[in-house]
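Positions in the sequence shown are counted from 1; adding 430 to them yields our numbering.
Even glycine gets a Cβ: it sits at the ideal position worked out from N, Cα and C.
Let me begin by presenting the structure, written as structure tokens, before commenting on it.
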Amino acid sequence: MTENTENLHEALAGQDLVFLRQAIALAAAARNHGAHPFGALIVDANGQILVTARNNAIPPKGDPTQHAERLACSLVGRQFTPAQLAAATLYTSTEPCAMCAGAIYWTGIGRVVYALSESALYALTGSHEENPTLRLPCREVFARGQRPTKVNGPFIEEEAAQVHKGFWTE
């Protein structure tokens with residue numbers, strides 16, 4: 431690996447960390463609004479934020495499909511070309527559920543980076559009635575598709591778990 435390549439990998443890792451922390455901050459904002467603590471943002475190939483979203487599924491009367499990742503996909507899918515979306519990255523505070531992985535796939539986003547894994551989330555939520563997880567890793571959903579979706583994660587799991595601490599047991 432050349433020095434320039436190593437520097438590029440370090441810069442990308444730093445950029446990924448910045449965007450993951452923004453996704454966690456969006457999750458905290460969702461929690462502060464009474465919604466489940468999940469946040470996501472989509473970034474283009476140049477590192478420009480295209481959209482941000484926080485979970486808007488406010489139980490028990492809210493729409494349960496208002497997950498942060500799905501909302502972000504809805505917003506970008508109408509605004510950007512397939513080529514732009516294929517070069518984009520979705521950053522999320524927690525590994526996308528099966529529904530959100532489907533939205534990411536159908537939107538054509540080329541890369542996903544997540545902080546907290548589905549299994550670590552399950553350890554925090556257990557069988558909570560408001561989060562009946564499918565326990566289906568997003569990589570398995572994407573593996574069934576006809577186009578590739580790169581997945582990186584989990585990263586900074588302990589940091590990402592903080593926004594969930596106490597939420598599911600209150």
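Take the alpha-carbon of residue 578 and the one of residue 542: they are about 11 Å apart.
DSSP lists 524 as the beta-bridge partner residues of residue 546. Between the stretch 445–452 and the stretch 490–498, the count of C-beta pairs closer than 8 Å stays below three; the two stretches do not touch. Secondary structure note for residue 500: its alpha helix (DSSP H) is the uninterrupted segment 498–507.
Our two residues, residue 493 and residue 551, have alpha carbons roughly 21 Å apart in a direct line. Taking a C-beta distance under 8 Å as the contact criterion, residue 535 and residue 507 do not qualify as a contact pair. When the alpha-carbon of residue 464 is set against those of 487, 511 and 580, the nearest one is in 487.
Counting only the Cα atoms, residue 446 lies some 24 Å from residue 566.
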